[in-house]
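Chains A and B, in that order, are what the protein sequence lines are. Counting from 15, one number per residue, gives the positions in the first sequence under our numbering. Counting from 26, one number per residue, gives the positions in the second sequence under our numbering. Cβ atoms here follow ideal geometry from the backbone N, Cα and C, with glycine treated the same way. Note that the structure is predicted; figures quoted are calculated from it, not measured. Structure record follows, encoded as structure tokens.
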Amino acid sequence: DQQVKQNSPSLSVQEGRISILNCDYTNSMFDYFLWYKKYPAEGPTFLISISSIKDKNEDGRFTVFLNKSAKHLSLHIVPSQPGDSAVYFCAASRTNTGNQFYFGTGTSLTVIP
Amino acid sequence: NAGVMQNPRHLVRRRGQEARLRCSPMKGHSHVYWYRQLPEEGLKFMVYLQKENIIDESGMPKERFSAEFPKEGPSILRIQQVVRGDSAAYFCASSLTGDTEAFFGQGTRLTVV
Numbered sequence: 015d016q017q018v019k020q021n022s023p024s025l026s027v028q029e030g031r032i033s034i035l036n037c038d039y040t041n042s043m044f045d046y047f048l049w050y051k052k053y054p055a056e057g058p059t060f061l062i063s064i065s066s067i068k069d070k071n072e073d074g075r076f077t078v079f080l081n082k083s084a085k086h087l088s089l090h091i092v093p094s095q096p097g098d099s100a101v102y103f104c105a106a107s108r109t110n111t112g113n114q115f116y117f118g119t120g121t122s123l124t125v126i127p
Numbered sequence: 026n027a028g029v030m031q032n033p034r035h036l037v038r039r040r041g042q043e044a045r046l047r048c049s050p051m052k053g054h055s056h057v058y059w060y061r062q063l064p065e066e067g068l069k070f071m072v073y074l075q076k077e078n079i080i081d082e083s084g085m086p087k088e089r090f091s092a093e094f095p096k097e098g099p100s101i102l103r104i105q106q107v108v109r110g111d112s113a114a115y116f117c118a119s120s121l122t123g124d125t126e127a128f129f130g131q132g133t134r135l136t137v138v
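Listed below in structure tokens is the structure:
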């Protein structure tokens, strides 16, 4: 039962352009969402998070948008850089119950120089 | 300030043997999580522990798997009588509290031959 879904397994973007990674969830009880970035043979690295009381959070080139009514979140990277090439996982949890994140299956982003 | 340390990085076991995976959380972190990533899949939550306590083990297989986080020393994920299907990357994460972002280790890649 996949409660967090990333329907695009891969995405290619030209350097300097915007990368948009999407994520959908089914559990309306989720109230904390995160994006992690993962390089091969390494553990996931925390990128950015958003609480359900917000609809947008920005950190440098990374912005996460949350649409609660649609149960959808997205990660925007602008401008995209070759070093951004990695697998991106979105994750969701219910706060106050611990970090038992539900992860999506990941989207592999390739930024073409 | 060392990050989350997992060892070994790679572990090869024959079917029927035991696998022990170790995780030292970040300094000051008392919340530990174990996740498993099967090939071509996202990360799946296994267990959430605080010092000497299992808080949530809803993601743990019912048999052969166990986890502990003693008062002193690392957290241990133990898999008894391993089978080929246990081959996966096992990631440990730690957090300061139960509702702040979790930081992941580099993972242990278990191969059962």
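What is the DSSP secondary structure of residue i, counted as helix, strand or coil?
i	result
B:D124	coil
B:R25	Chain B is shown only over 26 to 138; residue 25 of chain B falls outside these bounds and no answer can be derived.
A:D38	strand
A:R98	This sequence places Asp at residue 98 of chain A; Arg is not what is there. Correct three-state label for A:D98: helix.
The beta strand (DSSP E) spanning residue i covers which residue range?
i	result
A:L123	121-126
B:A92	90-93
B:V138	Careful: B:V138 lies outside any beta strand (DSSP E) and carries neither H nor E.
A:Q28	24-28
B:E82	No beta strand (DSSP E) holds B:E82; DSSP gives it neither H nor E.
A:T109	No beta strand (DSSP E) contains A:T109, which DSSP labels as neither H nor E.
Within a Cβ cutoff of 7 Å, which residues of the same chain sit near residue i, ignoring the five residues on either side of it in sequence?
i	result
B:M16	The first residue shown for chain B is 26 and the last is 138, placing residue 16 of chain B beyond what the model contains.
B:G132	Q31, A114, Y115, F116
B:R89	I104, Q105, Q106
According to the Cβ coordinates, are residue i and residue j closer than 8 Å?
i	j	result
A:T119	A:Q20	yes
A:S88	A:I34	yes
B:F50	B:E77	Note on residue identity: the sequence assigns Pro, not Phe, to residue 50 of chain B. Going by C-beta atoms, B:P50 is not nearer than 8 Å to B:E77.
B:V57	B:F129	no
A:A73	A:I62	According to the sequence displayed, residue 73 of chain A carries Asp and not Ala. Yes, these two residues count as a Cβ contact at 8 Å.
Could you name the residues of the same chain whose beta carbon sits closer than 6 Å to that of residue i, not counting the 5 residues immediately before and after it, in chain order?
i	result
A:S122	S24, V101
A:M11	With chain A covering only 15 through 127, there is no way to say anything about residue 11 of chain A.
A:Y116	Q17, V18, A106
Beta-carbon within less than 8 Å of residue i's beta-carbon, same chain only, minus the 5 sequence neighbours each way: which residues are those?
i	result
A:P93	E29, G30, R31, I32, R75
A:S99	L123, T124, V125
Report the residue ranges of all beta strand (DSSP E) runs contained in full by the stretch 30-78 of chain B; include only those spanning at least 3 residues, in chain order. 30-32, 35-38, 44-49, 56-62, 68-75
Every unbroken beta strand (DSSP E) within the stretch 29-90 of chain A, with a cutoff of 3 residues, ordered by chain: 33-39, 46-52, 59-65, 70-73, 76-81
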